[in-house]
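Presented below is the structure to which this report refers.
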Ligand SMILES: Nc1ncnc2c1ncn2[C@@H]1O[C@H](COP(=O)(O)OP(=O)(O)OP(=O)(O)O)[C@@H](O)[C@H]1O
Ligand SMILES: Nc1ncnc2c1ncn2[C@@H]1O[C@H](COP(=O)(O)OP(=O)(O)OP(=O)(O)O)[C@@H](O)[C@H]1O
Ligand SMILES: [Mg+2]
Ligand SMILES: [Mg+2]
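Chains as they are written, first to last, in the numbering used here: chain D, 1 to 365; chain V, 366 to 730; chain C, 731 to 960; chain A, 961 to 1190; chain X, 1191 to 1422.
Structure representation (structure tokens):
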């Protein structure tokens, strides 16, 4: 287990009491505003001293109240990306980036600054000061600063919440690259289902200071009962391989023997990816569809049908590519006569597979 | 024309030079960061004195540099909802709300405070101070404060940008109610296509200080060339009437004779609404579709086919409900043999018609 | 206060009165000048800033002497004011004037810094809601700078309690009129063996000034918390 | 400076030296105390705060007398320090000590306010990046409070230039040793016909102090702009 | 120190400066004078000030030092005397034959009488004694504006802030905005004496300078500044 957290702490309004062990990769903490996410991250960072608990990263203990062990923040070797950036206003971007490096221990694994700068696309900003940067640029610098401190764990507290969608789209890939290329464990706080879907290796759902659900991202996302992400976030995650880039701007993926098409993505042929198929983008058909503009059809058998609170139901289909979820109305369930074990076809629009649902390379670990 | 703006002003980096006349309702200003949106709003508010120009609201001149007319901000009777709220931290919510009322002229049309408080759902917050409020609550109070100043024009500068999606969803309806129930003209700045779609009566697209496009929301949104909103924002806006609420949680709408189903919405039977059909949620079929889970099918004839830069194309369909746009791949255009004048079916998932695409009552004016 | 003689008690009472009025009357001017220095750009701003600081920099005797030349019975301003019945010379009011002027720079600095910390955007918000400038000041700026105003006022009060050089030079030392605590201390220090009496008075003024300072920290923090809305 | 006699020139030179060193040497202490008052909660914090303000509140003569009793050759501290070769009594170093102590509250107040304006979150950010406390102070806090430090230092310098009561009481008025500009002014004012000379010296000190103040406003604004990153 | 360090009451500045320059020119011997209030200087000597010679403006502080064995035995001399005068400011008509006993109250009108602190500063103490002996103190008591030193009293008169003041003759001679209205007979108050003495740490050079101060050359300077010589 790469990150192990156990915490008890009384806050004015809520009691924090949780414990979770997370594998390496990205652990997403999510939950409503006020559920205690920042408090957990601060306790891991050492900015808050919990009443009792223990946190370790890759077996290295940051604190353990039973042993009376308490590392001050500056000895924890973390890269904390704060929600508000917290760049040093009096330093240039370059100086901000190298701040953590001054203090990193001699023997620490060092990122190559040039590589990080290039990865984040902030080379042209190096001599400017934070005040002159746009929100997205600031956040990229903050990520770079955290990364170049040679951290053993990266903490990111809603790093994208203050940004508009366009800027979110700019930055999300950098976190994916962190996960996939740098392989530092990351504890990531977010409200956004899209971010969870793209980044999370495992998810911890917080509610009133307790961890109410905890598991791999694909499981938690496929569970409509997990409130924070919302019903619109439910979806399946498929593992696919890039098989061809077509001349008409489409990329063909191999999903367990079936071809899926989506608008050109930058990944190389042969690469293995995860893509999220949002349940609400899937149409079901009880016979092979014909004459439709949708290019992607996955056939499979109905596995489960779960009716929701409203007019909808989540139908889970067993396909050769893996399980696929569809969110349709109960009325359609009846109209199509869907039943467990029945043969069925999932129709997915090409353009509905948005780039933000395509994850990076599948993590090897 | 309810709002008439003409401005020239030199900023350090850009030259502002624009003029537009907007009908009553919501005029949305949009454009990239730094394109001058806030500057325009500030000039209207009187917080910035432009080199030259003229602004009038319902024929009442706020300033006119030619005439040497310049009303100071406090005489303009505006309700400015700032991006960051700017609530008075030392006053309670109640005092914040009544602040503008102290200064409103005697004869001014007055909103009923109780009604506004109820509309915004902030009745339980009245005795608290801004510091204790969540971001969404703050922004609602800011809207109420602006509204209760009996403004002749409401200015809203990215009022939702700092909020997460859930909170955006909470607040957007209040702006719709402002538009529909209070009928004060509103100048609204946003980056978000969803907000444009739901709120805008007319849209002014800004680029480098110039108004590059200006027209009714439905036109601007149907135009894939308008960059700020992005291709994913393209869609058609249909006028529909609520015809029935079904027991299984669906609401049936009458769209020019065809029935559309979507998850229950709170509007009354007989009400006329606008709903946005995002182009990318529409699947086309060249024969009447069968056996599909999607409940909504609109038949029509192909009007235009515009190929985009990428692998996609926007197909416009003439239906009895009005024009419907579909974003599909060029490959599908070929596969279906689509041509202008051809009979065709638009398939739309019930659950894809998200509540945030359903506008409020259609404005009578 | 059995251990204070009647003269000393009188001096204490007078010092309190002088300092109180010195603070109260200069406060509006202090707020105004602080606001002007913090928010307005006008020619002569730096001159005003310099003038305000002058009493901090000049030897107090010089300040007192300048006051005497200006507000004394023969002074240009003193004569004009005497016509309308305002006399500073040799009155406790003069002691208050001297104390107020000596304390003024401290007051202005404290208030000015707190004004500079107020976000002008909140004032703009007030203006867009229809409040004229003065109302914006009264309803937005003033409440928000209250901690700074209180700190400045109490610091000024404490300074006024200790002021001596300018006061005695301007209005001399008239028991019951202008003999403040520090003048009494000075007198005791002039004669051999007066140390004990001087110490007693010094201790009293320290207690008062410290009490005021602690109070200002306390009130300042309370008000700041209230203003910050928590 | 042809119109200054050699003694006066000497007094000016001495005043500059005294004020310079008074400011320079107290500055680290000022920053430390300001930081402690602004950021730490410890028992005795209010006592420290009161002590720091004491010289502002006490009549300067009293402060001088207390210094004489403490740091004089017979004083408890004076004797100990004399053993290690540090003598304040009747040396220009003593004048600097007096001036430094009198100016200390002003310096601390200015710096403290600027520290309180620094967002502790930035300091936390420094800590998470691996910087120990002192490094965080040196690389984050200090650069950000520089405008306040400069303002505080120059204000202290100006105050030191004008300090008189405590200085003359502590280290007397020995030309070339402890006769600062204000002491010289005092001596001139004690004798008939000295006003002209006194006025000349006062004008010089005003010019210097005002120059310093203007400089501090200017530097402060420049540094603030640089620190704010614009 | 090589030279002589003199601690002298501030009112002696004009005279002593002149004498010191003469002395330095004549002997090449450096004389440095620190001028301050007698109380300040005496306390500093108590605290080990490196002064060689102390000239006080009153006897009391010298007595204190003497009791503390801080002055060289046998070195104390009554160096100078002074006279107390009543002065009038620019607003006071020059009265011929002004007599303090009869005319003081009338001349004051509503104004104040400026004096140094009457219980603390020598000139004030002497003035209070004189007025008491004249039987005027009770009447005038409430109209006395006391200053921290006698020069400040003179300044009040000179500036016209008060009509009258009681100061030393040595102060009044040079100020042309104030006129001497009357000189108090010196039997009305304790003798005004400026005692001088070598401190316990004084060197031989200081003794030479103290002797010089009593020489006719020096005494001429003192007289010119309005001081009187003891026994005169
Ligand atoms: N220092 C503190 N003092 C008082 N209350 C606190 C403090 N820190 C946190 N809380 C309270 O503890 C609860 C959890 O706060 P926390 O900031 O961890 O929530 P969060 O999940 O990060 O919320 P958000 O999504 O709004 O950032 C909240 O009710 C908050 O008000
Ligand atoms: N007071 C000012 N001083 C200097 N430059 C300014 C000022 N106000 C605006 N600008 C510049 O003018 C341009 C337009 O700014 P404005 O704030 O109007 O943009 P915007 O469209 O509102 O951007 P955003 O979406 O980021 O809020 C920007 O380049 C900005 O840097
Ligand atoms: Mg948080
Ligand atoms: Mg803007």
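The beta carbon of each residue, even a glycine, is placed where N, CA and C say it ideally should be.
These numbers come from a predicted model, not from an experiment.
Counterpart residues of residue i in DSSP-defined beta bridges
i               : result
residue 19(D)   : 6(D)
residue 692(V)  : 679(V)
residue 426(V)  : 421(V)
residue 301(D)  : 318(D), 343(D)
residue 368(D)  : Residue coverage of chain D in this structure runs from 1 to 365, which leaves residue 368(D) outside it and unanswerable.
residue 1418(X) : 1271(X)
residue 207(D)  : 210(D)
Sub-8 Å separation of residue i and residue j beta-carbons
i               : j               : result
residue 140(D)  : residue 186(D)  : no
residue 738(C)  : residue 905(C)  : no
residue 1169(A) : residue 841(C)  : no
residue 503(V)  : residue 450(V)  : yes
residue 1277(X) : residue 1368(X) : yes
residue 303(D)  : residue 292(D)  : no
residue 1020(A) : residue 1074(A) : no
CA-to-CA distance, residue j to residue i, given in whole angstroms
i               : j               : result
residue 1341(X) : residue 1102(A) : 48 Å
residue 833(C)  : residue 859(C)  : 37 Å
residue 1118(A) : residue 370(V)  : 54 Å
residue 207(D)  : residue 831(C)  : 60 Å
residue 814(C)  : residue 981(A)  : 49 Å
residue 1416(X) : residue 1115(A) : 43 Å
residue 796(C)  : residue 807(C)  : 12 Å
residue 747(C)  : residue 754(C)  : 10 Å
residue 16(D)   : residue 519(V)  : 43 Å
Outcome for residue i when other beta-carbon atoms lying within 10 angstroms are tallied against a minimum of 16
i               : result
residue 228(D)  : Because residue 228(D) sits at a pLDDT of 47, beneath the cut-off of 50, its placement in the model cannot be relied upon, and the point is left open.
residue 1353(X) : buried
residue 69(D)   : exposed
residue 12(D)   : exposed
residue 246(D)  : exposed
residue 512(V)  : buried
residue 339(D)  : exposed
residue 1040(A) : exposed
residue 402(V)  : buried
residue 1053(A) : buried
residue 280(D)  : buried
residue 124(D)  : exposed
residue 102(D)  : exposed
Under 9 Å from the C-beta of residue i: neighbouring residues of chain F
i              : result
residue 629(V) : Considering every chain present, this structure includes no chain F. Its protein chains are D, V, C, A and X.
When Cβ atoms are compared, which residues of the stretch 854-865 of chain C fall closer than 8 Å to chain V? 854, 855, 856, 857, 858, 859, 860, 861, 862, 863, 865
According to a CB-to-CB cut-off of less than 9 Å, which residues of the stretch 1118-1144 of chain A neighbour chain X? 1128, 1129, 1130, 1131, 1132, 1133, 1134, 1135, 1136, 1137, 1138, 1139, 1143
Any C-beta of chain A within less than 7 Å: which residues of the stretch 78-91 of chain D qualify? 78, 80, 82, 86, 88, 89, 90
Taking beta-carbon pairs under 8 Å, can you tell me which members of the stretch 1161-1175 of chain A lie near chain C? 1162, 1165, 1166, 1169, 1170, 1173, 1174
Give the residues from the stretch 1258-1282 of chain X that approach chain A closer than 8 Å (Cβ to any Cβ), ordered along the chain. none
Identify each residue in the stretch 989-1021 of chain A for which the Cβ-Cβ distance to at least one residue of chain C is less than 8 Å, and report them in chain order. 1006, 1009, 1010, 1013, 1014, 1016, 1017, 1018, 1019, 1020, 1021
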